[in-house]
Each structure stands twice: as C-alpha cells, then as structure tokens.
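Colleague: Going left to right, the sequence shown walks through residues 60 to 370 as this note's numbering numbers them. Note that beta-carbon positions come from the ideal geometry of N, C-alpha and C, so glycine has one too. Nothing here was measured: the structure is a model prediction, and the numbers come from that model.
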Amino acid sequence: MTAHREANLPLRRVKTLLVDRGYQEAITYSFVDPKVQSLLHPDQEALVLPSPISIEMSAMRLSLWTGLLSSVVYNQNRQQGRVRLFESGLRFVPDANADLGVKQELMLAGVIAGNRYEEHWDLAREAIDFYDLKGDLEAALELTGKLSEIEFKVEANPALHPGQSAAIYLNGEHIGYIGVVHPELERKLDLNGRTVVFELLWDKVSERRVPLAKEVSRFPANRRDIAIVVAESVPAANVLELCKKVGVNQMVGVNLFDVYRGKGVPDGYKSLAISLTLQNTTRTLEEEEIAATVAECVEALKQRFQASLRD
C-alpha cells in the first residue's frame with residue numbers, strides 16, 4: 060500500500076468539490092471525430108488509428124474538450140437547460156521524443172453551459188458567463204494551497220473567444236486554458252448559447268502546499284481604502300500583488316472591492332477600489348506607520364503602472 064503524503068492532492072478530492080458545486084462527472088471516449096477535433100485544434104496534428112471503429116472515432120484526442128462539448132450538445136438536444144460537466148483522463152500528443160512517439164498527459168477539464176441556476180420560483184433566469192467557471196476553477200485550485208501563484212494571462216487559443224479567455228500559469232509555467240468557446244466554433248458545433256471550458260495538466264497541480272500554522276494577532280487590524288486609476292491593459296491581479304509585496308511584514312489583507320469605468324475616468328482607463336488591511340502580531344500599529352505603508356504602496360503603483368489616485 061502506498062504511503063499517504065500530506066502534500067499529495069487526491070484527484071478524488073477535487074472531483075468531490077466539483078460535484079458539490081453542481082457538476083457531474085463525464086467519461087468520454089479517447090477516440091474522437093477528427094473533423095470536430097480539427098476545429099478545436101487546427102494547428103495540431105493528431106494520431107489517426109489505422110483501423111478505427113468508425114470514421115467518427117478515428118483520431119486520438121488532443122484534449123478532453125472534444126468529448127465534453129459533444130456531451131453538452133447531446134444534453135442540450137434533450138432539453139437540458141443547465142449543463143455542468145467535468146472529466147479527468149489522458150490526452151495523446153504526438154511527440155517524436157516520447158515512448159512510441161506519443162506523449163500521454165493526464166488532464167482535468169470542465170464545461171458549463173445554459174442557465175446559472177437550477178430553475179426556481181425565486182430566482183431569475185440568468186445565463187452563465189466566464190466568471191462562473193473561473194470561480195469554480197479557483198475553488199478547486201485553492202485546494203493546492205498555491206492559488207496566489209496562479210496567473211491568468213491573455214493568450215490566444217483558436218478554440219476560445221479572444222476577449223473572454225486566458226492561459227493559466229503556475230509560477231510562470233503554462234498549465235492550461237480557460238475561456239468562452241469561440242462564437243464561430245459554437246455555431247459549427249451546434250452549441251446552444253454561451254459555453255465556457257477549462258483544461259489543466261493535472262500533474263502540475265496534484266501536489267499541494269502543506270499549510271503552516273501561525274499565531275492569530277491579538278492586536279487590532281486597520282483597514283484603509285484607496286481608489287487608483289490605471290490603464291485598461293493593467294491586470295488587477297498585478298496591482299494587488301504589488302500591494303502585498305510593499306507591505307509584506309504587516310499587510311495581512313489586500314482586496315479589490317470595486318471596478319469603475321465612466322464619468323471622471325478617462326477612456327481607456329479604469330478605477331480600482333482596493334482595501335488594504337494592516338496588522339502586527341506583537342503591537343498596535345501607530346497611525347503614522349499605517350499612513351507611511353499606504354503612501355509607499357501608492358508610490359509603488361505610480362512607479363510600476365503609472366497609476367494615479369482617483370479624485
């Protein structure tokens with residue numbers, strides 16, 4: 060029997076979380092329709108079977124999206140207004156340097172489509188969006204203890220909407236994608252409405268950081284709010300990360316609580332409202348110390364992102 064390591068994140072733990080959030084596990088074939096797969100991965104060559112069961116099952120899958128999206132169409136054709144599926148399984152990528160010329164990678168993928176909530180008399184019908192799936196994915200990644208090291212970066216993927224998708228990185232290493240299926244692809248696959256997908260290399264997130272306990276401070280926490288104006292191209296995550304680094308010794312909380320675009324903010328810019336919470340474990344912070352840390356944070360944002368305080 061293999062010894063249990065606390066740093067191992069069992070795949071079943073992530074599956075349980077997704078089920079708790081309303082998903083159902085799908086198990087699809089590793090053999091897929093090459094025509095459908097080429098729509099999702101036009102720049103990748105797939106392995107084609109010499110003697111397939113049928114022409115619709117003649118290629119080895121390059122991702123789990125092919126089977127999951129087909130499952131969404133199947134469910135929508137049977138009047139299912141809310142679809143949430145996930146799957147774990149191997150993908151098969153041709154690689155001349157790998158054994159037998161194919162690299163097998165364990166993937167975790169998911170898809171949502173249709174209504175945000177189950178039908179209910181007290182809930183208005185709302186369509187899902189990118190952030191519904193991103194929230195579920197972040198909840199799963201939280202189990203690794205490394206969510207703060209995960210970055211979502213704008214990066215093109217032919218299967219995804221260019222304005223509503225992102226590549227996923229862990230400590231600078233690319234580990235997957237998330238995004239809304241490209242509208243043209245939705246039409247070709249007969250998907251009914253907005254569909255959002257994600258896919259991760261499971262081995263890259265299967266080891267978690269063991270949490271370290273630390274003393275809860277007996278001294279008061281102090282919150283200060285700032286509103287800064289930055290260019291639209293500046294990711295809010297980068298702004299928050301810089302604030303955390305500036306107050307590393309006493310900044311215990313940095314949170315984005317509002318984003319504003321409109322009157323008073325120039326075109327091409329946005330206003331980010333951020334709460335900064337400062338606390339010390341050994342003493343009460345003086346007002347001068349708090350003000351100095353906040354000023355240091357604002358100055359760092361000015362230098363790094365050409366940010367300005369909103370009037």
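Assign Q96 to one of three DSSP states: helix, strand, or coil.
Modeller: Numbered from 1 along the sequence shown, position 37 holds the residue referred to as residue 96. Three-state DSSP puts Q96 in a helix.
Colleague: Mind checking whether L344 and V311 have CB atoms under 8 Å apart?
Modeller: Counting from 1 along the sequence shown, the entry for residue 344 is found at position 285. Counting from 1 along the sequence shown, the entry for residue 311 is found at position 252. Not in contact: L344 and V311 (Cβ atoms no closer than 8 Å).
Colleague: Short of 8 Å in beta carbon distance, which residues of its chain neighbour I89, apart from the five on each side in sequence? Order them along the chain.
Modeller: If you number the sequence shown from 1, residue 89 lands on position 30. A quick correction: the sequence has Ser, not Ile, at residue 89. Result list for S89: M119, R120, G148, L149 and F151, in chain order.
Colleague: Spatial neighbours of E208 within its chain, please: C-beta separation below 8 Å, excluding the five flanking residues on both sides.
Modeller: Translated into the one-based positions of the sequence shown, residue 208 becomes position 149. Excluding residues within five positions, the ones whose Cβ falls inside 8 Å are L229 and N230.
Colleague: May I have the straight-line CA-CA distance separating V275 from V213, to the nearest angstrom?
Modeller: Mapped onto the sequence shown, residue 275 falls at position 216. Mapped onto the sequence shown, residue 213 falls at position 154. Going by the C-alpha atoms only, they are around 37 Å apart.
Colleague: Thinking I237 and A225 are a contact (beta carbons under 8 Å), I'd like their distance in whole angstroms, please.
Modeller: Sequence index remark: in the sequence shown, residue 237 carries index 178 (1-based). Sequence index remark: in the sequence shown, residue 225 carries index 166 (1-based). Right, their Cβ atoms sit about 6 Å apart.
Colleague: Roughly how many angstroms separate the alpha carbons of D181 and G194, rounded to a whole number?
Modeller: For this step, residue 181 is matched to residue 122 along the sequence shown. For this step, residue 194 is matched to residue 135 along the sequence shown. Roughly 23 Å separates the two Cα atoms.
Colleague: Compute the Euclidean distance between the alpha carbons of R342 and F278, then round it to the nearest angstrom.
Modeller: The residue given as residue 342 occupies position 283 in the sequence shown. The residue given as residue 278 occupies position 219 in the sequence shown. Taking the Cα positions, R342 is about 6 Å away from F278.
Colleague: Measuring alpha carbon to alpha carbon, tell me which residue in E291, F257 and L206 is nearest P270.
Modeller: Locating residue 270 in the sequence shown gives position 211, counting from the first residue. Residue L206 is the option with its Cα nearest to P270.
Colleague: Between the stretch 288-301 and the stretch 239-257, do at least 3 Cβ pairs fall closer than 8 Å?
Modeller: The answer is no - the stretch 239-257 does not touch the stretch 288-301, with fewer than three Cβ pairs under 8 Å.
Colleague: Who are the Cβ neighbours of E210 in its own chain at under 6 Å, not counting the five residues just before and after it?
Modeller: In the sequence shown, residue 210 corresponds to position 151, counting from 1. Result list for E210: Y228, in chain order.
Colleague: Helix, strand or coil, according to DSSP, for Y176 in the structure here?
Modeller: Taking the first residue of the sequence shown as position 1, residue 176 is located at position 117. Here DSSP, grouped into helix, strand and coil, assigns Y176 to coil.
Colleague: Can you give me the C-alpha to C-alpha distance between K304 and Q163, rounded to a whole angstrom?
Modeller: Position 245 of the sequence shown, counted from the start, is the residue given in the question as residue 304. Position 104 of the sequence shown, counted from the start, is the residue given in the question as residue 163. About 39 Å.
Colleague: In the DSSP assignment, find the unbroken alpha helix (DSSP H) run with N297 in it and report its ends.
Modeller: Counted from its first residue, the sequence shown places residue 297 at position 238. From DSSP, the alpha helix (DSSP H) with N297 extends over A295 to V305.
Colleague: Who does T340 pair with in a DSSP beta bridge?
Modeller: Locating residue 340 in the sequence shown gives position 281, where the first residue counts as 1. Paired residues: none, contrary to the question.
Colleague: Taking all protein chains shown into account, do 16 or more other C-beta atoms lie within 10 angstroms of the C-beta of L15, making it buried, or fewer, making it exposed?
Modeller: An answer regarding residue 15 cannot be provided, because it is not within the stretch 60 to 370 covered by the chain.
Colleague: Taking the straight line between their C-alpha atoms, what separation do you get for N251 and Y319?
Modeller: Position 192 of the sequence shown, counted from the start, is the residue given in the question as residue 251. Position 260 of the sequence shown, counted from the start, is the residue given in the question as residue 319. N251 and Y319: Cα-Cα distance of roughly 32 Å.
Colleague: Within its chain, find whatever has a CB closer than 6 Å to the CB of L108; leave out the 5 residues flanking it on each side and keep chain order.
Modeller: Mapped onto the sequence shown, residue 108 falls at position 49. A distance below 6 Å between beta-carbons, with the five flanking residues on each side excluded, links L108 to the following residues of its chain, in chain order: S117.
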